[in-house]
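With the numbering used here as the guide, the letters of the sequence shown map in order to residues 93 to 483.
Even for Gly, the Cβ is constructed at its ideal location relative to N, Cα and C.
Since the model is a prediction, treat every value here as computed from it, not as a measurement.
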Amino acid sequence: MPILDIDVIVIGAGAAGMMAAASASQRGRGVALVDHSERLAEKIRISGGGRCNFTNIHCAPDRYLSRNPHYCKSALAQYSQQDFIDLVNRYGIDWHEKKLGQLFCDHSAQDIINLLKSECDLVGIEWRMGTQVLGVSQTDTGFLVETSRETWRCQSLVIASGGLSIPPIGATGLGYEIAKQFDLPITPLAAGLVPLTFEPKDLYGELAGVSLDCDAHGGEGPHFRENVLFTHRGVSGPAILQISSYWTPGREITLDLLPGRDVTQLFEDAKRSDALLPNILADWLPKRFAQAFCAAHVAIKPMKQYTPAELALLASHLHGWRVKPSGSEGYKKAEVTRGGVDTDALSSKTMMARKVPGLFFVGEVVDVTGWLGGYNFQWAWSSGWVAGQNA
Ligand code: FDA
């Protein structure tokens with residue numbers, strides 16, 4: 093097997109890896125980018141429904157989960173959302189804000205992949221797609237990276253192999269294994285930005301497809317006011333994906349099904365009505381949902397037959413419906429992996445492992461997880477760029 097010399101090896105040609113390779117090569121470093129997949133950046137291709145929510149104009153450190161919430165600050169400041177927007181504009185890619193500061197390509201996520209590939213090819217890098225990483229070891233001057241094609245001797249090694257979500261498109265735990273090999277700690281891993289499931293008996297099965305504007309809370313973390321979508325197995329939609337990153341098994345989630353509305357007043361106004369309760373609620377909630385929700389909580393009868401105590405109890409359920417998910421849909425449906433290489437072991441200024449000079453971790457493999465809405469790609473761009481400046 094030939095041994096080739098190069099300055100920097102980047103493992104993983106996804107969002108963070110391509111950014112790191114471009115950033116290092118444009119500083120004049122020789123870079124090889126190794127990925128076991130034949131196809132470039134599959135997650136970018138499928139992201140944002142094929143249009144890639146590539147950043148968020150409200151990007152800020154408080155939109156990230158990490159054992160050390162301060163860790164992401166330096167990278168986000170060194171390479172900000174505006175830096176990436178400027179890059180997108182330089183390439184003439186048309187984009188729009190969908191909602192809540194989320195920026196999407198007008199045409200296709202492929203525009204972002206092409207941009208990153210062009211940035212890598214500006215000075216030139218060695219592309220090694222479809223190449224297995226067989227092993228990594230430390231030498232006096234850097235690292236040896238043994239691959240299915242050749243062995244590389246490099247000064248700096250950037251691990252950008254991502255998390256565990258969506259294994260069929262190439263996710264593996266290689267980054268965590270390399271971290272363990274170098275005795276770097278890993279915080280607990282879990283699926284994040286993921287639909288939650290209910291036990292069949294709790295499942296409002298007939299509600300699949302119903303969507304509601306809710307204020308959702310996962311037991312910890314912020315409240316999210318967005319849509320909740322009922323599925324055949326549980327709940328999904330942006331509000332649920334957001335709180336799933338804060339939820340831990342065994343905990344209840346709380347949904348205000350009528351945020352900002354006064355259901356007590358609605359009941360007061362209708363207290364002498366002959367109409368059935370679900371029909372009263374159907375003014376404010378999808379009819380199918382009102383029917384199932386009432387049936388699960390009270391006997392259904394005309395409005396005027398309820399006692400004030402019964403209505404007060406129902407109002408409290410509507411404004412604070414507490415349900416205990418049985419689990420999540422796991423890595424096969426998760427957008428991200430929560431947890432990762434412990435940031436205590438890494439420099440926030442450079443992304444380099446404190447006790448392994450020349451070894452860098454970027455993107456999702458690190459214990460930094462963004463909210464839904466373009467925050468995870470921004471972390472990939474920021475951390476990748478910073479590592480490339482230092483590798
Ligand atoms: P990423 O997963 O992009 O890249 C890792 C690379 O490493 C891959 O190319 C993989 O093949 C390679 N690799 C893995 N194991 C290897 C091994 N053993 N040997 C060699 N190579 C290996 N975020 C966002 O901000 N906006 C959005 O719109 C979306 N949408 C979205 C949709 C879906 C369906 C998913 C699953 C995820 C998103 N995300 C998102 C999250 C976003 O895709 C994710 O945070 C980034 O892709 C992470 O970038 P990384 O470069 O760290 O990993």
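request  = Determine contact between the segment 256–274 and the segment 429–443, defined as no fewer than three beta-carbon pairs at a distance below 8 angstroms.
outcome  = yes
ask   = Can you tell which of 329, 330, 309, 366 has the C-alpha that lies nearest to the C-alpha of residue 344?
value = 309
message = Tell me which residues share the same chain as residue 421 and place their Cβ nearer than 6 angstroms to its Cβ, disregarding the 5 neighbours each side in the sequence.
response = 286, 287
query = When DSSP labels each residue in this structure, what does residue 178 get in the three-state scheme?
reply = helix
request  = Select from 470, 469, 478 the residue whose C-alpha is nearest the C-alpha of residue 453.
outcome  = 478
message = For residue 147 and residue 457, what's the separation of their Cα atoms in angstroms?
response = 19 angstroms
task = Check whether the segment 222–229 touches the segment 394–401, taking contact to mean three or more Cβ pairs, one atom from each stretch, closer than 8 angstroms.
result = no
request  = Return the Cβ separation of residue 359 and residue 403 in integer angstroms, given the expectation that the two are a contact with Cβ distance under 8 angstroms.
outcome  = 5 angstroms
task = Check residue 140 in the structure and name its three-state DSSP category.
result = helix
message = Can you give me the C-alpha to C-alpha distance between residue 330 and residue 233, rounded to a whole angstrom?
response = 47 angstroms
ask   = Would the C-beta of residue 183 count as close to the ligand FDA, meaning under 8 angstroms from any of its heavy atoms?
value = no
First and last residue of the uninterrupted alpha helix (DSSP H) at residue 356 = 355–361
ask   = Unbroken alpha helix (DSSP H) runs of length 4 or more, entirely within the segment 400–471: which are they?
value = 400–411
request  = Figure out for me which residue from 289, 131, 298 has the closest Cα to the Cα of residue 383.
outcome  = 298
Buried or exposed (CB count within 10 angstroms, at least 16 for buried), residue 183 = exposed
ask   = Would you call the segment 109–116 and the segment 462–480 touching, i.e. three or more CB-CB distances under 8 angstroms?
value = yes
key: Interface flag, residue 477 vs chain D, CB-CB below 9 angstroms   = The chain labelled as chain D is not found in the depicted structure, where only one protein chain is given.
message = To the nearest angstrom, how far is the alpha carbon of residue 411 from that of residue 194?
response = 28 angstroms
ask   = Expressed to the nearest angstrom, what Euclidean distance is found between the alpha-carbon atoms of residue 126 and residue 164?
value = 25 angstroms
query = When the Cα atoms are used, what is the spatial distance from residue 438 to residue 476?
reply = 14 angstroms
ask   = How do the segment 243–260 and the segment 199–214 stand: do at least 3 beta-carbon pairs fall below 8 angstroms, yes or no?
value = no
inquiry  = Based on DSSP bridge pairs, tell me the residues matched to residue 348.
reply    = 307
Given residue 354 as reference, the closest of 217, 409, 464 once Cα atoms are compared = 409
query = Is it true that the CB of residue 196 sits closer than 9 angstroms to the CB of residue 188?
reply = yes
request  = Going by DSSP, name the residue or residues bridged to residue 164.
outcome  = Answer is none; residue 164 lacks a bridge partner.
inquiry  = Below 8 angstroms on the Cβ atoms is my contact criterion, and I expect residue 173 with residue 149 to pass it. Report the Cβ-Cβ distance as a whole number of Å.
reply    = 6 angstroms
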